[in-house]
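All residue numbers for the sequence shown refer to the UniProt record's numbering, where the first residue is 1 and numbers rise by one.
Every residue gets a Cβ at the ideal spot worked out from N, C-alpha and C, and that includes glycine.
From a predicted model like this one, the values you see are computed outputs, not experimental measurements.
Below: the structure, in structure tokens.
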Amino acid sequence: MASTSKASRFFERADQREYLFCQAINRSVQFRPVLAYFRTVSRLGDGWFWYALILSMPLLHAEGGPRLALAMALTGLACTLAYKGLKRWLIRERPFISFPAISCATPPLDRYSFPSGHTLHAACFQTMLCLTTPDLALAVLPFTISVALSRVVLGLHYPSDVLAGAVLGSLMGYLSLCAFPVTVAL
1 MASTSKASRF
11 FERADQREYL
21 FCQAINRSVQ
31 FRPVLAYFRT
41 VSRLGDGWFW
51 YALILSMPLL
61 HAEGGPRLAL
71 AMALTGLACT
81 LAYKGLKRWL
91 IRERPFISFP
101 AISCATPPLD
111 RYSFPSGHTL
121 HAACFQTMLC
131 LTTPDLALAV
141 LPFTISVALS
151 RVVLGLHYPS
161 DVLAGAVLGS
171 LMGYLSLCAF
181 PVTVAL
């Protein structure tokens, strides 16, 4: 309980520091086509894009693709367990909940904000692709960056949530490939 109250106090201070930046980003991107783009990216980042990519790996790379797909699927599951556990333990409210001046442009998948699960998965898979299929990683990079940006633009996360998700996801992707090495024939 003491760690939760320490986390709560830490996040209250961080929320105040990040509020104006979040509000500025949230308000500056109210142009409908831009919002539609980030909503679409966010929806695809719910998992649909990654599921399609994982399922296509054996088709894209006959040698090593099935093993990479399995590694990505198992690591994705570990990422889900990690971010859900952290969110329940650390309990940081989303920006649009704490600050009504920030509009929520799409419904969140869960209640709490820290870390960004969308970004965690995107960074994890991006890291795994960088280490195994650099050409594919380069093609997927704009989507990964857009997912991370969408979280702040849509009022769902603070920048520090996105940064934490990116760091944690990258680390999990790297460690997964250290534990479960994959070689993909290019």
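Neighbourhood of I102 by C-beta distance below 6 Å, restricted to the same chain and skipping five residues each side: Listed in chain order, the non-local C-beta contacts of I102 below 6 Å within the same chain comprise C22, Q23, N26, P95, F96 and G155, local neighbours out to five positions each way being set aside.
- request: Would you grab the beta carbon distance between P115 and G165 for me? Rounded to a whole angstrom, and I think it's under 8 Å.
  value: About 4 Å; that satisfies the 8 Å criterion.
- prompt: Does DSSP put Y158 in a helix, in a strand, or in coil?
  reply: If DSSP states are grouped into helix, strand and coil, Y158 belongs with coil.
task: On the DSSP bridge assignment, give the partners of Y112 in chain order.
output: Y112 is bridged to E93.
message: For a quick check, are the C-beta atoms of Y174 and T127 less than 8 Å apart?
response: It is a contact, given that the beta carbons lie within the stated cut-off.
- prompt: Since I91 and S176 are thought to touch, with beta carbons under 8 Å apart, how far apart are those beta carbons, to the nearest angstrom?
  reply: Not a contact, Cβ separation roughly 27 Å.
- prompt: Taking just the CA atoms, how far does V147 sit from F31?
  reply: CA-to-CA, the gap between F31 and V147 works out to about 18 Å.
field: Extent of the continuous alpha helix (DSSP H) to which I54 belongs
entry: Under the DSSP assignment, I54 falls in the alpha helix (DSSP H) whose first and last residues are F49 to L60.
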